[in-house]
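Numbering (the working numbering), first residue to last: 431 to 550.
Reading through the structure tokens given below for one structure.
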């Protein structure tokens, strides 16, 4: 991973940007990356597969938004979501995000189309 220059392979970046989200019993609920861009905090997030489909997604996203605001109060908060992921888009909209842009970009699996969603 370090040879591929992936940011999560860098221990300093990993410590600053990547976090596990645990419940009261210290079980893994999901993860978040608070990726800094000038004036923006971009969220990268994932809910643990065992918790998907149980009505927890909106609360999970709202929790991450509150933390992003606490970390950088003046930053805009956004995220990217693949256009085919309607379920995630609905969750993000319920949490206060809106689609502001659609674009293609390269991923490790090739070109993909994304929506940018911004929190308001």
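For every residue, glycine included, the Cβ atom is placed at its ideal position computed from N, Cα and C.
Small disclaimer: the values here were computed from a predicted structure and weren't measured.
By how many angstroms is the C-alpha of residue j removed from the C-alpha of residue i?
| i | j | result |
| --- | --- | --- |
| residue 512 | residue 535 | 10 angstroms |
| residue 432 | residue 448 | Below a pLDDT of 50, predicted positions are generally treated as unreliable, and residue 432, at 42, falls in that range; the measurement from the model is reported next regardless. For residue 432 and residue 448, the distance between alpha carbons rounds to 16 angstroms. |
| residue 496 | residue 544 | 24 angstroms |
| residue 500 | residue 464 | 11 angstroms |
| residue 434 | residue 480 | Its pLDDT being 48, under 50, residue 434 is placed unreliably by the model, and nothing is read from it. |
| residue 446 | residue 490 | 20 angstroms |
| residue 487 | residue 477 | 7 angstroms |
| residue 538 | residue 439 | 15 angstroms |
| residue 514 | residue 452 | 28 angstroms |
With 16 as the cutoff for other CB atoms within 10 Å, does residue i come out buried or exposed?
| i | result |
| --- | --- |
| residue 507 | buried |
| residue 483 | exposed |
| residue 549 | buried |
| residue 475 | buried |
| residue 494 | buried |
| residue 473 | buried |
| residue 509 | buried |
| residue 532 | exposed |
| residue 525 | buried |
| residue 485 | exposed |
What does DSSP give as the partner residues of residue i in its beta bridges?
| i | result |
| --- | --- |
| residue 534 | 543 |
| residue 522 | Paired residues: none, contrary to the question. |
| residue 508 | 472 and 548 |
| residue 458 | 452 |
| residue 477 | 460 |
| residue 528 | 548 |
| residue 466 | 471 |
Return the Cβ separation of residue i and residue j in integer angstroms, given the expectation that the two are a contact with Cβ distance under 8 angstroms.
| i | j | result |
| --- | --- | --- |
| residue 505 | residue 462 | With a Cβ gap of about 15 angstroms, residue 505 and residue 462 do not count as contacting. |
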